[in-house]
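Residue numbers (the numbering used here), protein chains in the order written: chain A, 20 to 377; chain B, 3 to 561.
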């Protein structure tokens, strides 16, 4: 209500005291130099027109750059290598826009009339008559609609409209496949690793021989079967199957009894996908056997079955059981024994490997 | 408008010359009549001489509006060439280093925009810089509105619209960041996949629905494209229109000053002053983003390469406005619950979804909480100086401090490598800092506000420092003070001071009473009229006493 405006803090028991100093009223208008000196005003006028006159020059410059400067030309400025076309197009267009802006503001600042105006302010609320009129109109309308006597029309309409939400929402049920237990078992709980699948270098797809991996070395690897896939299936498979192979001195690490036959002479293989939010982990501390995720710094101890030693990840890094084939190449003994990547709601991950398991 | 510090009232140049009055009717009458006859233009336009007050801090919202317009313009240009498709192609474009590399069409078309379309790289870079600026300007504008109390009645709904704009602005920025399908944006999507999956109960379902199956799938980029160029910009456009309409309806707030009251508005007319000033400012903001696009490289996706789910770079960061979430994710302890065969990933859900929810919920509720604490139901059109609302200012700075600590945590690895400290130590420190630093910030800010109130009081009572040191006959030194102008004294004393709620017949709950005492406590009382009169009298006596000493001072000082 507009009457509230000056009546501050009505609940405080007393009204806020007014200022101890009387309001001197709007400050006297001080004319600018350009208001009183014709020469200064003319000078400002020339400056503004001068700025606008430079704009066509810059626009022509832009066109020349667009058509004349080759796309791959480079420009060295203070040792920085700039793409010449990009830089000059931006320079000409940017300066042109700057001049338009500065001249418009300068025009307003020094030449347009700068007398401050005082206007009245009214409360946000409508006048009481307007409120009453609208309320009366509403009443008339409601009466006219006979909804008060025929109530079922109102509730029927509300119910019908409410129900129409269902078709709209249900139509979205095909946004993606439903992660039912069967679907999960074929997607997020499974990778393309299987018994006998060779471990290959992730760039060359060359098979890896156990005795060619040195102690302290880390190899990024993929299943050999990955190269049979293409497009989306390839990306989805790669997002789960990526692994790292490390070789550590067997005497300096702890291998639990249940995982003795998952490794080959200190060559261990882990999922590369972080159990936090799924970044590929790759920062290897050779001496401590720690593997650090560059995204959120979860740290896993590869010398201790991949348990979490630091950071926001909650689950150990899944280990891939490996062995060698007849020719000494590394092969998987099975798929991962637990799902890789971030935990999900439907599965209790507390039974994954934890510190102290045997 | 800028005013000279001092003027010489006796200068002959000060005589005002009025331009000759034009008696002829407006040349615009005929075309205006043609339009008005058909659509009633005069009624539509209303008051084109609407008054807006002038202050630099009112420009922050303008920057946000203009960067949005720049985003629309440059975004349309980008859609002409960008292909939102995850179909795999083998690159055969002009960028030699990537010839033959398999990549999505989205990434290939981004490379084409950067290397083959003249001006494409410039527009891409302007678009990205303008997006950074859009969120930054919205944030700065929101802080201005918060610290000056401009969110108070009748503007609470406009504050809510603003909070909505900021929150969907983040979504818009993130969706755009994900489109090029380069290594960095794919890593961001991988994070979103983990974040969505962590939602209790429905996480896996939400993940499968958002990505159309398993990560990454081939649907997420076309879907985000629709979100980025249609859904969210449409929402933003609608909310911005409502934001501006309410601004026009309420009329802009103004800073207190001589002649300014809750019932009036003092400033310059929209036409022609603000048409020129605001229009000109649009071009300046545009010019700055163009020059940034020309000289400051941003998101060079050809260096990152196409997305590969088995690769990541150390030092991967989201754009700045997601940094606080990134930081919270990094410093969160690894809490997981296991109940009845399920897993509850609080380590991702709380810092991700939870922190964003907390930020925007507390922002949205603040105006109503403050009004409840103070019991203030009146309209406010004059702004508070931040010092005159010490608790609000303290809370605001505490919020900024918490945000800043989370944001710094988002670069804990960079902090560790740049300052040669342990990454683990930085992380442990930040876990405490996000709680401790805001409390310290609140205390320090409140003390600073109260000190500034005291300084205001001194200034009103004793005047401003003249810079003239006076030596008295008995050897003491003092600085002469000049009395304030009535306008300044009025400006410094006209604000109402928060007062504790007094149960005035109505029942006031204990919590509310306590909060209102806390809100009002410690204020430095404004000088009263009697105190000002007494101080003025005292100064006059001292001046009379000191004056002769000043004249004899110089010669008496030489040995």
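Note that CB positions come from ideal geometry on N, CA and C, so glycine has one too.
These numbers were taken from a predicted model, which means no experiment stands behind them.
| message | Cutting at 7 Å between CB atoms, please list the residues of its own chain near residue 321 of chain B, excluding the five before and the five after it. | response | Numbered from its first residue, the second chain carries residue 321 of chain B at position 319. Excluding positions up to five away in sequence, the list reads 134, 175 and 179.
| request: Starting from the N-terminal side, write out each stretch of the alpha helix (DSSP H) that is 4 residues or longer and does not extend beyond the segment 370 to 445 of chain B. | output: 392 to 411 and 414 to 421
| message | With distance defined between alpha-carbon atoms, name the residue in A:127, A:255, A:341 and A:51 nearest to residue 213 of chain A. | response | Your numbering for residue 213 of chain A matches position 194 in the first chain. It is A:341 whose Cα lies nearest to the Cα of residue 213 of chain A.
| Per-residue burial, residue 61 of chain B [other beta carbons within 10 Å of its own, 16 or more giving buried] | As a working mapping, residue 61 of chain B is identified with position 59 in the second chain. Buried is the call here.
| message | Restricting to runs no shorter than 4 residues, where is the alpha helix (DSSP H) found entirely within the segment 276 to 329 of chain B? | response | 277 to 297 and 303 to 306
| task | List the DSSP bridge partners of residue 5 of chain A. | result | As shown, chain A starts at 20 and ends at 377. That puts residue 5 of chain A outside it, with no answer to give.
| field | Closer than 7 Å to chain A by CB, residue 370 of chain B | value | What you label residue 370 of chain B is simply residue 368 of the second chain in a count that begins at 1. It does not; no Cβ of chain A falls within 7 Å.
| request: Compare the C-beta of residue 60 of chain B against all C-beta atoms of chain A and say whether one is closer than 7 Å. | output: Here the question's residue 60 of chain B lines up with position 58 in the second chain. No - not a single Cβ of chain A is within 7 Å of the one on residue 60 of chain B.
| message | Within 7 Å of any Cβ in chain A, is that where the Cβ of residue 311 of chain B sits? | response | Here residue 311 of chain B corresponds to residue number 309 of the second chain, with the count starting at 1. Yes - at least one Cβ of chain A is within 7 Å of the one on residue 311 of chain B.
| said: So residue 78 of chain B and residue 287 of chain B are supposed to be a Cβ contact under 8 Å. How far apart are they, rounded? | reply: Translated into positions along the second chain, residue 78 of chain B becomes position 76. Translated into positions along the second chain, residue 287 of chain B becomes position 285. The pair is not a contact, with the Cβ atoms about 18 Å apart (cut-off 8 Å).
| message | Between which two residues does the beta strand (DSSP E) holding residue 102 of chain A run? | response | The sequence position of residue 102 of chain A within the first chain is 83, counting from 1. Counting along the chain, the beta strand (DSSP E) containing residue 102 of chain A begins and ends at 99 to 102.
| Under a CB-based cut-off of 7 Å, is residue 23 of chain A close to chain B? | Within the first chain, numbered from 1, the residue matching residue 23 of chain A stands at position 4. With a pLDDT of 39 at residue 23 of chain A, under the threshold of 50, the modelled position of that residue is not reliable, and the figure given next carries that caveat. Interface residue, yes.
| task | Counting only the same chain and skipping the five closest in sequence on each side, list residues whose C-beta sits under 7 Å from that of residue 320 of chain A. | result | As a first step, residue 320 of chain A must be located in the first chain, where it is residue number 301. 308, 309, 326 and 328.
| Is it buried or exposed for residue 36 of chain B, if we count other Cβ within 10 angstroms and need 16 for buried? | Position 34 of the second chain, counting from 1, holds the residue named residue 36 of chain B. Exposed is the call here.
| Which parts of the segment 45 to 93 of chain A are runs of the alpha helix (DSSP H), unbroken and 4 residues or longer, counting only runs that do not cross its ends? | 52 to 55 and 57 to 87
| Closer than 7 Å to chain B by CB, residue 244 of chain A | As a first step, residue 244 of chain A must be located in the first chain, where it is residue number 225. No - not a single Cβ of chain B is within 7 Å of the one on residue 244 of chain A.
| field | Assigned exposure category for residue 147 of chain A - 16 Cβ within 10 Å defines buried | value | For this step, residue 147 of chain A is matched to residue 128 along the first chain. Classification for residue 147 of chain A: exposed.
| request: Could you tell me whether any Cβ in chain B is nearer than 7 Å to the Cβ of residue 126 of chain A? | output: Locating residue 126 of chain A in the first chain gives position 107, where the first residue counts as 1. Yes - at least one Cβ of chain B is within 7 Å of the one on residue 126 of chain A.
| Just checking, does the segment 433 to 443 of chain B make contact with the segment 393 to 411 of chain B on the three C-beta pairs under 8 Å criterion? | yes
| Coarse secondary structure for residue 254 of chain B, derived from DSSP in three states | For the purposes of this step, residue 254 of chain B is taken as residue 252 along the second chain, with counting starting at 1. Three-state result, residue 254 of chain B: coil.
| Does any C-beta atom of chain B lie closer than 7 Å to the C-beta of residue 298 of chain A? | Taking the first residue of the first chain as position 1, residue 298 of chain A is located at position 279. Closer than 7 Å to some Cβ of chain B, the Cβ of residue 298 of chain A qualifies, so yes.
| message | Suppose the cutoff is 7 Å on Cβ atoms and the five residues either side in sequence are ignored; what does the same chain contact list for residue 346 of chain B look like? | response | On the second chain, residue 346 of chain B is found 344 positions in, with the first residue counted as 1. Correct list, in chain order: 202, 338 and 339.
| query | Residues in the segment 168 to 190 of chain A with C-beta within 9 Å of chain B's C-beta atoms, listed in sequence order? | reply | none
| Residues in its own chain within less than 6 Å of residue 30 of chain A by CB, not counting five upstream and five downstream? | Counted from its first residue, the first chain places residue 30 of chain A at position 11. Caution is warranted here: a pLDDT of 34 is assigned to residue 30 of chain A, below 50, making its placement in the model unreliable, and the coordinate value is therefore given only provisionally. Cβ within range, chain order: n/a, list empty.
| query | Does the beta-carbon of residue 349 of chain B have 16 or more other beta-carbons within 10 angstroms, so that it is buried, or is it exposed? | reply | Your numbering for residue 349 of chain B matches position 347 in the second chain. So residue 349 of chain B counts as buried.
| message | For chain B, check one thing: does any of its Cβ atoms lie closer than 7 Å to the Cβ of residue 369 of chain A? | response | For the purposes of this step, residue 369 of chain A is identified with residue 350 of the first chain, where counting begins at 1. Output row for residue 369 of chain A: interface = yes.
| Using a C-beta cutoff of 7 Å, does residue 163 of chain B count as contacting chain A? | Walking along the second chain from the start, residue 163 of chain B turns up at place 161. Output row for residue 163 of chain B: interface = no.
| said: Does residue 175 of chain A pass the burial test, meaning 16 or more other C-beta atoms within 10 Å, or should it be called exposed? | reply: The residue you call residue 175 of chain A lines up with position 156 of the first chain. Residue 175 of chain A should be labelled exposed.
| message | Let me see if you follow: with CB-CB separation under 7 Å, is residue 124 of chain B close to chain A or not? | response | Counting from 1 along the second chain, the entry for residue 124 of chain B is found at position 122. With 7 Å as the cut-off, residue 124 of chain B counts as an interface residue toward chain A.
| Given that a residue counts as buried once 16 or more other Cβ atoms are within 10 Å of its Cβ, and exposed if not, what is residue 342 of chain B? | Along the second chain, one-based indexing puts residue 342 of chain B at 340. When all chains shown are included, residue 342 of chain B counts as exposed.
| message | Just verifying my parser: in three-state terms, what is the DSSP assignment at residue 346 of chain A? | response | By 1-based counting over the first chain, the position of residue 346 of chain A is 327. Here residue 346 of chain A sits in coil by DSSP.
| query | Does the beta-carbon distance from residue 256 of chain B to residue 265 of chain B come in below 7 Å? | reply | By 1-based counting over the second chain, the position of residue 256 of chain B is 254. By 1-based counting over the second chain, the position of residue 265 of chain B is 263. Not a contact, by the Cβ cut-off of 7 Å.
| Okay, do the segment 198 to 214 of chain B and the segment 229 to 243 of chain B touch, 3+ Cβ pairs below 8 Å being the bar? | no
| request: For the segment 310 to 328 of chain A, enumerate the residues whose C-beta is nearer than 9 Å to any C-beta of chain B, in chain order. | output: 311, 312, 313, 314, 315, 316, 317, 318 and 327
| said: Does the CB of residue 39 of chain A have a neighbour CB from chain B at under 7 Å? | reply: Looking up residue 39 of chain A in the first chain gives position 20. For residue 39 of chain A, the answer is yes, since a Cβ of chain B falls inside 7 Å of its Cβ.
| query | So, is the C-beta of residue 347 of chain B closer than 7 Å to a C-beta in chain A? | reply | In the second chain, the residue the question calls residue 347 of chain B occupies position 345. Answer yes: the Cβ-Cβ gap between residue 347 of chain B and chain A drops below 7 Å somewhere.
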